[in-house]
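Before any comments, here is the structure.
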Amino acid sequence: MGRTEAAEHSFAACPLPVGPGPSGAGPGAGARAVDADVVGAVLRTARAVLAERVAQAAEIDASFSGDLAGRVAGFTLEGGKRMRPRLLWWGMRACGAADSVSTAAALRLGVALELIQTCALIHDDVMDRSRLRRGRPAVHIGLAGRAGLSPDSERGAAFGTSAAVLAGDLALVWADDTVAETALPAAVRRRVGALWRAMRTEMVAGQYLDLHGQATGGSSAVRAIRTACLKSALYSVERPLAIGAALAGADERTTAALCSAGRSAGIAFQLRDDLLGVFGDPARTGKPSGDDIREGKPTYLLAVARTRAEAAGDEGALAVLGRAVGNPDLTEGDLAAVRGVFEATGAHAHVEREAERLRDDAVRRLGEAVDVEAHGGRQLLGLLRTVSGDRSGRAADAGTSDADTGTDTTHGTRGHDGRTADARVLTATEGGSTR
64 MGRTEAAEHS
74 FAACPLPVGP
84 GPSGAGPGAG
94 ARAVDADVVG
104 AVLRTARAVL
114 AERVAQAAEI
124 DASFSGDLAG
134 RVAGFTLEGG
144 KRMRPRLLWW
154 GMRACGAADS
164 VSTAAALRLG
174 VALELIQTCA
184 LIHDDVMDRS
194 RLRRGRPAVH
204 IGLAGRAGLS
214 PDSERGAAFG
224 TSAAVLAGDL
234 ALVWADDTVA
244 ETALPAAVRR
254 RVGALWRAMR
264 TEMVAGQYLD
274 LHGQATGGSS
284 AVRAIRTACL
294 KSALYSVERP
304 LAIGAALAGA
314 DERTTAALCS
324 AGRSAGIAFQ
334 LRDDLLGVFG
344 DPARTGKPSG
354 DDIREGKPTY
364 LLAVARTRAE
374 AAGDEGALAV
384 LGRAVGNPDL
394 TEGDLAAVRG
404 VFEATGAHAH
414 VEREAERLRD
424 DAVRRLGEAV
434 DVEAHGGRQL
444 LGLLRTVSGD
454 RSGRAADAGT
464 SDADTGTDTT
474 HGTRGHDGRT
484 ADARVLTATE
494 GGSTR
């Protein structure tokens with residue numbers, strides 16, 4: 064493949080949206096201002112945090128700062144839907160927090176979540192050898208070009224890959240530093256610290272299980288759900304919600320119910336994402352259909368189809384899957400045959416039902432945790448419905464429009480971002496952001 068022609072990620076090219084900041088007159092005014100535009104507030108905080116990090120890098124070495132640190136900052140500020148910071152924020156608000164200390168901490172911890180996501184995506188693109196991310200050269204591709212090397216040459220590929228690993232490491236270091244430097248009461252710091260440490264390890268575990276499943280050629284339905292739990296439910300939904308609850312000082316019962324809601328919504332998200340990976344419209348998902356099959360991803364959808372074909376003694380279906388899964392040269396005809404197996408075995412319908420059941424469970428459990436009629440609860444309800452793939456999911460006080468769709472035209476691998484082309488983002492109260 065030839066060299067990719069596209070603009071690279073640039074720290075300097077990331078202007079922040081104009082909107083209210085977290086400060087304001089009167090108790091809770093800062094929190095109410097953030098409510099109006101959570102994404103804008105997180106990005107303003109991110110720019111301040113990252114400008115400081117890049118300046119510190121420049122004091123160490125100019126090339127390190129320009130080539131690596133600036134690229135990590137730019138990647139973090141560009142693209143993405145900021146779903147994890149939004150979950151953290153509305154988890155905190157649904158649990159009743161509105162004080163200035165919690166508000167400032169939530170925004171900084173939201174930046175830390177974005178940085179650990181940057182680490183995950185950069186490393187994921189290296190592992191999956193993806194050339195593009197969000198329509199631009201993946202970090203390892205851009206770094207090779209920055210050094211004047213072709214990413215298609217042995218030397219350029221080796222340099223780009225190695226430098227991207229360091230870039231991901233730097234993002235993780237910055238994430239940890241941001242958490243460590245966030246002002247928190249001692250008791251809250253202990254709770255947040257425990258959640259943060261667990262989340263980092265779970266993220267790595269989920270990625271490893273995914274890689275292991277690809278390398279070994281398959282996994283059971285139970286293993287696939289476990290991977291989805293670690294990669295999507297815990298890391299992307301449950302832990303951010305739990306951190307928000309910790310900032311609000313929520314009790315154990317509330318936190319446990321909130322976490323259960325997040326876990327159900329997160330797994331539902333991954334199941335729907337698996338379906339989109341095979342049956343989704345590339346014009347909406349932003350990537351070719353069938354990449355999960357080409358890469359041999361050990362999805363729950365695939366595991367259910369295999370299990371049912373084996374139970375029915377359907378050698379034809381098993382032969383189709385055997386030829387197609389993990390085949391990088393998968394044709395449209397091959398993919399159509401795989402879709403046929405998923406339909407004929409009932410795997411498609413089964414996964415749809417499971418996703419719906421999990422969505423309903425998330426809604427029910429959220430109602431056990433917080434008041435979903437209150438402002439914060441309504442917003443969190445809408446967000447969890449969005450995460451779990453409810454196309455009608457929205458908060459109660461405002462609608463959505465086509466401009467509010469959560470489409471992320473991410474090319475290359477999904478990694479931890481996933482596909483959300485069919486999901487609606489939050490409401491006008493939160494700024495209707497598509498980031």
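Those letters in the sequence shown? Residues 64 to 498, by the working numbering.
Every residue, glycine too, gets a C-beta built ideally from N, C-alpha and C.
Per DSSP, R171 has no beta-bridge partner at all. Around A324, the same chain offers A425, R428, L429, A432 and L447 as residues with beta carbons nearer than 7 Å, after the five sequence neighbours per side are excluded. For H203, the closest of W153, G231 and I179 by C-alpha to C-alpha distance is G231. With a cutoff of 8 Å on beta-carbon distance, A311 and M155 are scored as near each other. Between the alpha carbons of R357 and T449 lies a gap of roughly 28 Å. Around the C-beta of Q180, 16 or more other C-beta atoms lie within 10 Å, and the residue is accordingly described as buried. Non-local C-beta neighbours of A296 in its own chain, meaning closer than 6 Å and more than five positions away in sequence, comprise R326, G329 and I330, ordered along the chain. Boundaries of the alpha helix (DSSP H) harbouring V202: V202 to R209, taken from the DSSP string. Taken through DSSP and simplified to helix, strand or coil, L339 comes out as helix. The Cβ atoms of E436 and L338 do not sit closer than 8 Å to each other.
With respect to the 8 Å criterion, R286 and G276 are classified as neighbours on the basis of their beta carbons. The residue among T139, W152, D124 and P345 with its C-alpha nearest the C-alpha of V101 is W152.
Distance from the CA atom of V251 to the CA atom of A309, rounded to whole angstroms, is 6 Å. Apart from sequence neighbours up to five positions away, the residues of its chain that approach A161 with a beta-carbon distance below 6 Å are G91 and A94, ordered along the chain. Relative to R371, the option among C322, S352 and E406 whose CA is nearest is E406.
By the beta-carbon neighbour count (other beta carbons within 10 angstroms, threshold 16), I306 is buried. Contact between M146 and S299 holds, since their C-beta atoms are separated by about 7 Å, short of 8 Å.
Per DSSP, the continuous alpha helix (DSSP H) segment holding L151 begins and ends at M146 to A157. In this structure, the straight-line span from the alpha carbon of L247 to that of E315 is close to 19 Å. For F138, the enclosing alpha helix (DSSP H) stretches over residues G133 to L140. R199 is bridged by DSSP to R196.
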